[in-house]
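> Pasting a structure below so you can have a look.
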Amino acid sequence: GTHAAAGVAPGAGCPPVRVCQSIDEQSARQALTAIGDALAHGDTKGLQRYFSGKVFLTLFTGENGYYSGEQSFFILRNFLSIHAPFAFEFTTTNVSSESVYGVGALKYTKRGQRGTAQVFVSLAASDRGWRINQITIAQR
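Below is the structure:
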């Protein structure tokens, strides 16, 4: 008889395209949820797990351009240590075959003063799952 490839269940080829897409959409939503949680807690390590090789950062503190995952980690860690988040929630998310992104309000304290920033995060599919390719943090 025929043998299934090692580690692959027989019939795991994913014939109905819609089923595959919904699994993809589910993982995209899970990624956005994890990223939102990381932002809410100022957890740069949690964000770093989702960085792609290059991340386009635009921060209202002046950073603007493509940065490596490692550079992005340090830039955002510095930003979030000064603008300490106490709440974050995506108010809008889009998960489609064309694009995956989330927009939300980051509430933070800086030297005892409360502030709110508008955050935009977009993801791209990679061979290692969904990865952040852009983060914009703008003052509201």
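When we follow my numbering, the leftmost residue of the sequence shown carries the number 164, and every step to the right adds one.
Here a beta-carbon is modelled for each residue, glycine too, at the ideal position from N, C-alpha and C.
Could you check which residue in A201, R303, E261 and V284 has the C-alpha nearest to that of L243?
If we check each option's Cα against that of L243, A201 comes out closest.
> Quick check: the Cα distance between A194 and L269, rounded to an integer number of angstroms?
In a straight line, the C-alpha of A194 is about 18 Å away from that of L269.
> What's the gap between the Cα of A169 and the Cα of Y230?
With a pLDDT of 48 at A169, under the threshold of 50, the modelled position of that residue is not reliable, and no figure is offered here.
> Following the continuous alpha helix (DSSP H) through E233, name the residue where it begins and the one where it ends.
Per DSSP, E233 belongs to the alpha helix (DSSP H) from G232 to I245.
> Check whether the Cβ atoms of W293 and V266 sit closer than 8 Å, and answer yes or no.
Contact flag unset, no.
> So the alpha helix (DSSP H) G209 belongs to, where does it begin and stop?
Residues T207 to Q211.
> Report buried or exposed for A191, applying the criterion of at least 16 other Cβ atoms within 10 angstroms of its Cβ.
Burial call: buried.
> Please state the DSSP three-state secondary structure of R329.
In the structure as shown, the chain starts at 164 and stops at 303, and residue 329 therefore has no counterpart that could be examined.
> Taking the alpha-carbon positions, what's the S215 to T299 distance?
Answer to the nearest angstrom: the Cα atoms are 15 Å apart.
> Does the Cβ-Cβ distance between T245 and K208 come in under 8 Å?
According to the sequence shown, residue 245 is Ile rather than Thr. Contact flag unset, no.
> Return the chain-ordered list of same chain residues with a C-beta closer than 7 Å to the C-beta of E226, the five sequence neighbours on each side being excluded.
So the qualifying residues of the chain are L220 and I238.
> How is G225 classed by DSSP in three states: helix, strand or coil?
Three-state result, G225: coil.
> Just the C-alpha distance for S235 and Y213, rounded to the nearest angstrom, thanks.
When rounded, the distance between both Cα atoms is 11 Å.
> Please determine, among F251, G232 and S285, the residue with the shortest C-alpha to C-alpha distance to V258.
V258 has its Cα closest to that of S285, out of F251, G232 and S285.
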